[in-house]
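> Take a look at this one; I'll ask things after.
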Amino acid sequence: MNQKKKVFLYSFITVFLWASAFPLTKIAQQHFTANALGLVRCSVAACFLLLIGKMNHIKRPRLKDIPVFFLAGLCGFTLYLICFNTGIQTLTSATSSIVIAITPILTAVLASAFYKEKINWIGWISILGAFAGVLVLLLWEGIFSVNIGIVWTLGAACVFCAYNFINKNLAKKGYNALEIVTYSMLCGAILFLFSLLPAVELLKTSAPAEIASLIYLGIFPSAIAYFLWGKAMSYAEKTSEVTNFMFVTPLLSTVLGFIILKEMPNMGTFLGGAIIICCIVVFNLKGKQ
Numbered sequence: 010m011n012q013k014k015k016v017f018l019y020s021f022i023t024v025f026l027w028a029s030a031f032p033l034t035k036i037a038q039q040h041f042t043a044n045a046l047g048l049v050r051c052s053v054a055a056c057f058l059l060l061i062g063k064m065n066h067i068k069r070p071r072l073k074d075i076p077v078f079f080l081a082g083l084c085g086f087t088l089y090l091i092c093f094n095t096g097i098q099t100l101t102s103a104t105s106s107i108v109i110a111i112t113p114i115l116t117a118v119l120a121s122a123f124y125k126e127k128i129n130w131i132g133w134i135s136i137l138g139a140f141a142g143v144l145v146l147l148l149w150e151g152i153f154s155v156n157i158g159i160v161w162t163l164g165a166a167c168v169f170c171a172y173n174f175i176n177k178n179l180a181k182k183g184y185n186a187l188e189i190v191t192y193s194m195l196c197g198a199i200l201f202l203f204s205l206l207p208a209v210e211l212l213k214t215s216a217p218a219e220i221a222s223l224i225y226l227g228i229f230p231s232a233i234a235y236f237l238w239g240k241a242m243s244y245a246e247k248t249s250e251v252t253n254f255m256f257v258t259p260l261l262s263t264v265l266g267f268i269i270l271k272e273m274p275n276m277g278t279f280l281g282g283a284i285i286i287c288c289i290v291v292f293n294l295k296g297k298q
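Taking the numbering used here, I'd label the letters of the sequence shown as residues 10 to 298.
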């Protein structure tokens, strides 16, 4: 298999696994709280990543970098999963995935502010258009009615932006993608320990299907997806060859939400989602200098 085919295969499997996390999270939350779900998902993922890391002979983190890994775990996994799990309780899989899809745009805005990475006028119009799409999602049911789930999900997108910057900093320190995600996930699981007792009690009374969804969320969308994403990046000539696959996630999560949960997005999701996805595509193609 040549490199281009590997990039396509690894990237598509990754976004499919990420898309599957939206409906599977809703299944798990029929029994588990947002925090308990986050703890179990992070713990399963951390154990699986440590196993993969052992097989790939990853190096241990330097002592001085451990606080940075805890910060990465806090933003990328602990706070992210609390916000994500809370937000999706009142959203369809489609709406949640569309809001999360604006993360690259938010990251680019922060990069413009802190790293002086330039965004041209097309980019700024695309950014404004994307947030107009978010307003459509927020206010579709009525101008005085704001879906709090979207606010929580926007929070998830924001904290994941912070993780992207910390990730970049750790990469500059010489850590590879597998090392970064493994130790960040482990730190995220440790920070979730405040939910240990409630999680144990919920596990005792959970049904087999709910436990299966937890194990799936920890191994596939968390551990394996991040590992394959790093592999795709290593084979790609350009980062965009991989990141452009993220545009497919909302479509896949919408289809999976319909198949698994019989969710039917409302017209606001279709209209707002179309605006957001179009603006993200234009931003990535034409918005950066």
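Even for Gly, the Cβ is constructed at its ideal location relative to N, Cα and C.
Mind checking whether I286 and P259 have CB atoms under 8 Å apart?
Result yes, Cβ atoms of I286 and P259 sit closer than 8 Å.
> Between the Cα of C84 and the Cα atoms of V257, I289, M194 and I269, which residue gives the shortest distance?
Nearest C-alpha to C84: M194.
> Counting along the chain, where does the alpha helix (DSSP H) carrying Q12 start and finish?
Element bounds for Q12: Q12 to A37.
> Give me the Cα-Cα distance between G227 and A198, rounded to the nearest whole angstrom.
Their Cα atoms are separated by approximately 11 Å.
> Suppose the cutoff is 8 Å on Cβ atoms and the five residues either side in sequence are ignored; what does the same chain contact list for T191 look like?
Closer than 8 Å at the Cβ level, and outside the excluded window around T191, lie A55, L58, L59, I61, G62 and I67.
> Do L90 and G47 have their beta-carbon atoms positioned less than 8 Å apart in this structure?
In this structure, L90 lies closer than 8 Å to G47 by Cβ.
> Taking the DSSP output, what are the residues bridged to I233?
Paired residue(s): none; I233 is not in a bridge.
> Taking C-beta to C-beta, are T214 and A103 nearer than 8 Å?
In this structure, A103 does not lie closer than 8 Å to T214 by Cβ.
> Evaluate E210 with the Cβ neighbour count: other Cβ atoms within 10 Å of its Cβ, from every protein chain shown; 16 or more gives buried, anything less gives exposed.
Exposed: under 16 other Cβ atoms inside 10 Å.
> Terminal residues of the continuous alpha helix (DSSP H) containing F93?
L88 to G96 is the extent of the alpha helix (DSSP H) around F93.
> Among the residues of its own chain, which have a CB less than 6 Å from the CB of C288, if the five just before and after it don't count?
Around C288: S135, G138 and A139.
> What do you reckon, are the CB atoms on I128 and A141 nearer than 8 Å?
Not a contact, by the Cβ cut-off of 8 Å.
> Is it the case that the stretch 267-278 contacts the stretch 18-37, given that we only count it when at least three CB pairs across the two stretches are under 8 Å?
With the cut-off at 8 Å, the stretch 18-37 and the stretch 267-278 touch.
> Does the distance from the CB of F93 to the CB of T23 come in under 8 Å?
No, they are not a contact pair.
> For A122, count neighbouring C-beta atoms within 10 Å of its own C-beta (all shown protein chains included) and say buried if the count is 16 or more, exposed if not.
So A122 counts as exposed.
> Where L72 and L200 are concerned, what is the direct C-alpha to C-alpha distance, given to the nearest angstrom?
Each residue's alpha carbon lies about 18 Å from the other.
> Roughly how many whole angstroms lie between the Cα atoms of G164 and C170?
When rounded, the distance between both Cα atoms is 10 Å.
> CB V108 to CB A43, shorter than 8 Å?
Going by C-beta atoms, V108 is not nearer than 8 Å to A43.
> So what does DSSP say about A245, is it helix, strand or coil?
In this structure, A245 counts as coil in the three-state DSSP scheme.
> Need the endpoints of the alpha helix (DSSP H) that V160 sits in, please.
First-last of the alpha helix (DSSP H) with V160: I157 to K181.
> How many angstroms separate the CA atom of S29 from the CA atom of A234?
If I take the Cα positions, the gap works out to 11 Å.
> How many angstroms separate the CA atom of T278 from the CA atom of L205?
Going by the C-alpha atoms only, they are around 36 Å apart.
> Near W27, what residues of its chain come up, given a Cβ to Cβ distance below 7 Å and the 5 sequence neighbours on each side ignored?
P230, A234 and T258.
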